[in-house]
Each structure stands twice: as C-alpha cells, then as structure tokens.
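Asks: Below is a structure I'd like to ask you about.
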Amino acid sequence: MFKFHAKLIIILVFFVSDLTFAIHLPYEGMSYRDEFKFLNHKNLKTIRRIASVSQRCLDNLLGNIPLASRSSQKGRLKKIEVVSEQYDEIYSEVGKTLSGNLATVLRTEWKSKNSYDEGNLLLIEILRQFGDQNLFPQLKIFPENGKLLFHEIVKMLRQKGKSGHVIIRDPAPPAGVTDRTYTYYTPYVSDETGAKHQLRLRSYTRTLLPLQMKINEPVRGIVHGKIIEVTKLSNQKFSMRYFDLDTEVEIGSRFVVTLDELRVLINPDLIVYAYPHSKNYKMELKSRPRELIPENYQNQFPKLGGQNFVQKLGLDVDLESFPMIFPGRDVRVSQRLKMLKELFEQMKLNPKNPPRRIQSLHKFIELALFYNKEFLIPLGATEYERFALEIEVPDQIDGKNVLVQITFDFNMSTKKVVDSEGKVVKPLTANPLGRLTPKDDEEELHIELKVPKVLLEKEVSDTLKALLKLFHQTRVTNRGKFHHIEEQRSIHN
C-alpha cells in the first residue's frame, strides 16, 4: 500500500471543488493521528521535502501553476517530482508483481545512436562472432551500403530465422505491409536522484501498401473492433473477410471491393492494428531505479555505467478502452478517476493481468493525477520499425541458458497526439498533427542492448563480455527516443 499524505487530502477536499477523487486515493483510511505519527518518525529533512512537493501539488490542483495551454502542448510539465521515499514505495509495490522472463522485466537498457553504416558493422560483427559463418558468402553479394544493406541483412536473417547462436525474435511481416511500434508517453515521476517511473501505452500498427501486396496472399489486421483479412486480386480489386476479435470466428461472408472502397471501409491511410500481436494495448510502467551498474563492469566498459537498469511491467487493455485511458483535456479530474476505476475493473476480467499489478498501477496513476491533473494527456508518441535479435549466451538463470536481446529501431519519429480540441488521437492515422525525426544521419538507428540484471550481479561469461565490448565500441549515448528527438534531435546537442 502506498503511504502518502492524508492531511493534504483533507485540505484539498475543502479547497478544491473538483477533488471528489480524494476518497479514491490509496492512502484513504490513514487517520490524521496516524499521519502525524507517520510524519514524526521521519527525519526533519524528509518532512520538509514532502511539504515542498505537497505544496507544488496543491498549487497544481488549485490552478496556481499553468501546466498547459488549453489549445497547445507547449509548456507542458514533463516531470512530476516526488521525494525518494515515495519513489521507493511505488518501486517496491510494483516490483512485488514481478513474474515471467527476468530478461524482459528487470534488465539493463543501454542505448546507442548510429548511422546505418555503423549499425551494419555492428550487425555483421555480431553474426561473425555469434552466428553462422556460412552467411558471409551471401553477405558479399550485396553491393549496397547504408540503409539498403541493412534492409538486405534484415531480410535475409528473417528468412533464416536463426544463425548459429543468433535468433531472430520476430518473423517478417507479410509482403506489402509495414509494421510499426506506436507508444504514447506521459509525464514521468522522478525523485532527486534521477530514478523515475513512466507510464506508457504501446500498440503495433500495420500499414497496407496495395501496390506491394502479392496477388492471392491474404493480410490480416484489426480495425473497428474486428479482425479483417484483405486479399489482393488485382491492383484495383480486393476481397475482404471479417472475423470476431475474441473467437476469430468468421462474420458474414467474403466480398469484393475496389481500392477506393477499401479506403472507405478501413481508413484513408489503410492503417490497422497489427495482427496477431496487437489485439490489445499494452499499458506499461517502466521504472529506472537509482541503482548503478556494478562497479566492475563500469570500470571495464565506462560508457555502460550509470543508472541503466530498468524494470518494465505491463497489463493488457482492450482496444475499445482507449477513451477511458486518455479521455482528453476537457474531462474533469473526478470524471477521469471514475473512468479509471471502471477501466481497471474491466482489466480484472483478463486472466493475463495479475490482480496485484492491476491494483498497483491503478494506485500509481491516481497518485500521478493527484500531483498533475493533466497526467493522462500524453506528451506525444513515438513510432518506429524494429528488428530484434536474441543471442544465446552460456550464462544461466534457473539452469537455463540466457537469451540476451539487442534491438535495432529505424524509421523513427515522434508525433503530436493531442488535437486543438484537447482530444487524443488514436494510432490509426498517418500524421494529422505533425511529426519530428532525428536530425542527423549519424542517429538513424537507435540500438539497445538488454541484459538481465541478475547476470550482472556476478561475473559473466567471456561470451557475454565479448558482446558488451562490441556494444561499448558503438556511439553509446543512453538517451531514449522520445525525449531525445523532441528536445535535441541531434547527438551533437
């Protein structure tokens, strides 16, 4: 249970007409006397820091600090400040719901910005050291360099699926489509040490490219709450079928449409949610603890040091629940909290969602709204294509060899997602509000290396050290995509 400040809640109920949400907050039930005891067992420095943050929260909710223009995103606060004790309680509470593959939920996240040529050198060296040597005669047939070579290597590896100890994580999408990751970003919650929590909403989109689709090869996607299957019959004729999203049972019968009619039935940009991995949104809480990379690795690989561990935990959210997550700027705080409560009740019906995690994320969002009433108005979104490799190393967790992950993100951009009326647009639109891309050719690729934290708590294998050395030789910046593209756009800034 997150323990925060009942006295402040009592004050706010008297002063703020739109704070009926106070009764829903996670520290309900703590009496004034209990709160007095809670504060008195803390040191004076902590009490003063809590008071300082609480005053900013009160200013926010009383409207004394203008957080955003009603017609623009300009001037939005991107950070919610809390004291370390509050950060730790959130991290501990959410961390208790850890489950599944430790490689994905508690790991490093080292980041590198590179040109396509530099990325190709890294990719080829990975294949040389960890992959199948028989690939290299095939690589020599490619006369191209830069982006063309990168796509040829990616295409070849996706066709193979595996090369030695290198495994291609995701199969190639069908011909004639482009799959992208689309992620909404909210203000992050941080303490004075730089540790942070950030709530994100992730989905995957699929853009149909009719001229590139192959005749009689069906392509599936998700739109309007149903699975659709589009099969190209000619450049101007397409057959369509509909299926139930949950049961995948066909609805109605197959019918034929023109390209113009296809755009009417789907949308003008022919963008759908990717099938099958985007049947839901993924609500993620990504946390960066204050813990540093162990000193022995910082000494060997200085660019990999610092606060580069992450804990990432997610919940599935139904596609139709989007307006409940991001209801828009004009919805009152009390109404947002009411919608949130309904949303999290719905999420309990999904057996994939751990009940304790549902409760923890619900409380976190309520807390964030308490500090910033515009928390659920996204700052923007990233959109990119991803190619992911998993490299098997001899290091073990629970008696099994570990797969270390390295991802290559390309064709990146950030997007504005709040329109002039304060409404949040969905991912299935091409570019209605504007976008930004990296400014320099030197950072057309965003590469990440992800190693389970438990491995770095001891001496790792020579194989894994060789991979760390390779990555360390790249242009390691440890800058994320969204804030970097939005604010710097260049690694030289």
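The number in the numbering used here is simply the position in the sequence shown, starting from 1, with 476 added.
Note that beta-carbon positions come from the ideal geometry of N, C-alpha and C, so glycine has one too.
Here the structure is a predicted model, which means the values were calculated and not measured.
1) Does the region 881-895 come close enough to the region 839-858 that 3 or more CB-CB pairs lie under 8 angstroms?
2) Which residue comes first and which comes last in the beta strand (DSSP E) that contains Glu933?
3) In the DSSP assignment, the beta strand (DSSP E) including Leu921 goes from what residue to what residue?
4) Exposed or buried, what is Phe512 when buried is set at 16 or more other beta-carbons lying within 10 Å of its beta-carbon?
5) By the three-class DSSP mapping on this structure, what secondary structure does Met888 have?
6) Could you give the first and the last residue of the continuous alpha helix (DSSP H) run that contains Glu842?
7) Under the rule that 16 or more other beta-carbon atoms within 10 Å means buried, what is Ala527, buried or exposed?
8) Which whole-angstrom value describes the C-beta separation of Glu760 and Leu789, a residue pair presumed to lie in contact below a C-beta threshold of 8 angstroms?
9) What is the DSSP secondary structure of Asn784, reduced to helix, strand or coil?
10) Taking all protein chains shown into account, decide if Asn829 is buried (16 or more other Cβ within 10 angstroms of its Cβ) or exposed.
11) Are at least three pairs of beta-carbons, each pair with one atom in the region 801-817 and one in the region 834-853, less than 8 angstroms apart?
12) Alpha carbon to alpha carbon, how far is Leu582 from Phe714?
13) Count the other CB atoms, across all protein chains shown, that sit within 10 Å of the CB of Phe497; report buried if there are 16 or more and exposed otherwise.
14) How close, in whole Å, do the beta carbons of Thr950 and Ser591 come, if the pair is a contact with beta carbons under 8 angstroms?
15) Return the residue from the list Glu569, Glu724, Ile747 that minimises the CA-CA distance to Leu685.
16) State the DSSP-derived secondary structure class of Glu767, mapped to helix, strand or coil.
17) Identify whether Val642 lies in helix, strand or coil by the three-state DSSP scheme.
18) Using a threshold of 8 angstroms, state whether the C-beta atoms of Met800 and Glu771 are closer than that.
19) With distances taken Cα to Cα, identify the nearest neighbour of Gly652 among Leu925, Thr707, Ile867, Asp938.
20) Using a Cβ-Cβ cutoff of less than 7 angstroms, which residues in the same chain neighbour Gly640 once the five nearest sequence positions on both sides are dropped?
21) Along the chain, where does the alpha helix (DSSP H) containing Val695 start, and where does it finish?
22) Tell me whether the beta-carbon of Tyr757 lies closer than 8 angstroms to the beta-carbon of Leu795.
23) With a 10 Å radius around its C-beta and 16 neighbouring C-beta atoms as the bar for buried, classify Ile961 as buried or exposed.
24) What is the residue span of the alpha helix (DSSP H) that Gly622 lies within?
25) Can you have a look at Gln562 and say buried or exposed, based on whether 16 or more other CB atoms are within 10 angstroms of its CB?
26) Kindly indicate which three-state DSSP category Val653 falls into: helix, strand or coil?
27) Three or more beta-carbon pairs under 8 angstroms between the region 674-681 and the region 653-666, yes or no?
28) State the beta-bridge partners of Gly856 as determined by DSSP.
29) Would Ile727 be called buried (16 or more neighbouring beta carbons within 10 Å of its own) or exposed?
30) If you draw a straight line from the C-alpha of Pro663 to the C-alpha of Phe863, how long is it?
31) Spatial neighbours of Asp917 within its chain, please: CB distance less than 6 angstroms, with the 5 preceding and 5 following residues excluded, ordered by chain position.
32) Where Leu865 and Val809 are concerned, what is the direct C-alpha to C-alpha distance, given to the nearest angstrom?
33) Does the Cβ-Cβ distance between Leu628 and Ser560 come in under 8 angstroms?
34) If we require 3 or more residues per run, which beta strand (DSSP E) segments fall completely within the region 675-763?
35) Taking 7 angstroms as the limit between beta carbons, can you name the residues of its chain near Ser797, skipping five residues before and five after?
36) Please return the same chain residues whose Cβ sits closer than 6 angstroms to the Cβ of Gly539, not counting the five positions on each side in sequence.
Replies: This is what the structure holds:
1) yes
2) Taking the first residue of the sequence shown as 1, we reach residue 933 at position 457. No beta strand (DSSP E) contains Glu933, which DSSP labels as neither H nor E.
3) The residue given as residue 921 occupies position 445 in the sequence shown. Note, Leu921: beta strand (DSSP E), 921-926.
4) As a position in the sequence shown, residue 512 is number 36, starting the count at 1. Low local confidence applies: a pLDDT of 32 at Phe512 is under 50, so the model's placement there is unreliable, with the coordinate-based value given in what follows. So Phe512 ends up on the exposed side.
5) Mapped onto the sequence shown, residue 888 falls at position 412. If DSSP states are grouped into helix, strand and coil, Met888 belongs with the strands.
6) As a first step, residue 842 must be located in the sequence shown, where it is residue number 366. That run of the alpha helix (DSSP H) goes 831-847.
7) Stepping through the sequence shown from its first residue, residue 527 is reached at position 51. For Ala527, the predicted model reports a pLDDT of 44, less than 50, meaning its position is unreliable; a value from the coordinates is still stated below. Looking at its Cβ environment, which holds fewer than 16 other Cβ atoms inside 10 Å, Ala527 is exposed.
8) Walking along the sequence shown from the start, residue 760 turns up at place 284. Walking along the sequence shown from the start, residue 789 turns up at place 313. Right, the Cβ-Cβ distance comes to about 7 angstroms (below 8 angstroms), so this counts as a contact.
9) Within the sequence shown, numbered from 1, the residue matching residue 784 stands at position 308. Correct three-state label for Asn784: coil.
10) Counted from its first residue, the sequence shown places residue 829 at position 353. Under this definition Asn829 is a buried residue.
11) yes
12) The residue given as residue 582 occupies position 106 in the sequence shown. The residue given as residue 714 occupies position 238 in the sequence shown. Answer to the nearest angstrom: the Cα atoms are 45 angstroms apart.
13) On the sequence shown, residue 497 is found 21 positions in, with the first residue counted as 1. Low per-residue confidence applies at Phe497: pLDDT is 32, beneath 50, and the placement is therefore not dependable enough to give any value.
14) Position 474 of the sequence shown, counted from the first residue, corresponds to residue 950. Position 115 of the sequence shown, counted from the first residue, corresponds to residue 591. That belief does not hold up - the Cβ atoms of Thr950 and Ser591 are roughly 10 angstroms apart, past 8 angstroms.
15) Translated into positions along the sequence shown, residue 685 becomes position 209. It is Ile747.
16) Translated into positions along the sequence shown, residue 767 becomes position 291. Residue state, collapsed to three classes: coil.
17) Along the sequence shown, one-based indexing puts residue 642 at 166. Residue state, collapsed to three classes: strand.
18) Indexing the sequence shown from 1 puts residue 800 at position 324. Indexing the sequence shown from 1 puts residue 771 at position 295. Their beta carbons are not under 8 angstroms apart, which means Met800 does not touch Glu771 by this criterion.
19) Against the sequence shown, residue 652 aligns to sequence position 176. Comparing Cα positions, the closest option is Thr707.
20) Counting from 1 along the sequence shown, the entry for residue 640 is found at position 164. Closer than 7 angstroms at Cβ, skipping near neighbours: Phe606, Gly607, Asp608.
21) Translated into positions along the sequence shown, residue 695 becomes position 219. Run containing Val695: none in the alpha helix (DSSP H); it sits in the beta strand (DSSP E), 695-699.
22) Within the sequence shown, the letter at position 281 stands for residue 757. Within the sequence shown, the letter at position 319 stands for residue 795. Yes. Within cutoff.
23) As a first step, residue 961 is located in the sequence shown; it is residue number 485 there, counting from the start. The residue in question, Ile961, is buried, as its Cβ has 16 or more Cβ neighbours within 10 Å.
24) Position 146 of the sequence shown holds residue 622. Looking at the DSSP string, the run of the alpha helix (DSSP H) that includes Gly622 is 622-636.
25) Translated into positions along the sequence shown, residue 562 becomes position 86. Buried is the call here.
26) Along the sequence shown, read from residue 1 onward, the residue named residue 653 stands at position 177. Reduced to three states, the DSSP call for Val653 is strand.
27) yes
28) Translated into the one-based positions of the sequence shown, residue 856 becomes position 380. Looking at the DSSP assignment, Gly856 forms a beta bridge with Tyr661.
29) Working through the sequence shown from its first residue, we reach residue 727 at position 251. Per the 10 Å Cβ criterion, exposed.
30) If you number the sequence shown from 1, residue 663 lands on position 187. If you number the sequence shown from 1, residue 863 lands on position 387. The alpha-carbon atoms of Pro663 and Phe863 are separated by roughly 27 angstroms.
31) Within the sequence shown, numbered from 1, the residue matching residue 917 stands at position 441. Closer than 6 angstroms at Cβ, skipping near neighbours: Ser591.
32) Here residue 865 refers to the residue found at position 389 when the sequence shown is read from its first residue. Here residue 809 refers to the residue found at position 333 when the sequence shown is read from its first residue. Distance between the alpha carbons of Leu865 and Val809 is about 43 angstroms.
33) By 1-based counting over the sequence shown, the position of residue 628 is 152. By 1-based counting over the sequence shown, the position of residue 560 is 84. Note that residue 628 is Glu in the sequence shown here, rather than Leu. Contact: no.
34) 695-699, 702-708, 713-720, 726-734, 747-750
35) Position 321 of the sequence shown holds residue 797. Closer than 7 angstroms at the Cβ level, and outside the excluded window around Ser797, lie Leu819, Gln822.
36) In the sequence shown, the residue the question calls residue 539 occupies position 63. Per-residue confidence for Gly539 stands at a pLDDT of 40, beneath the threshold of 50, marking its modelled position as unreliable; the derived number appears in the next sentence. Answer for Gly539: no residue qualifies.
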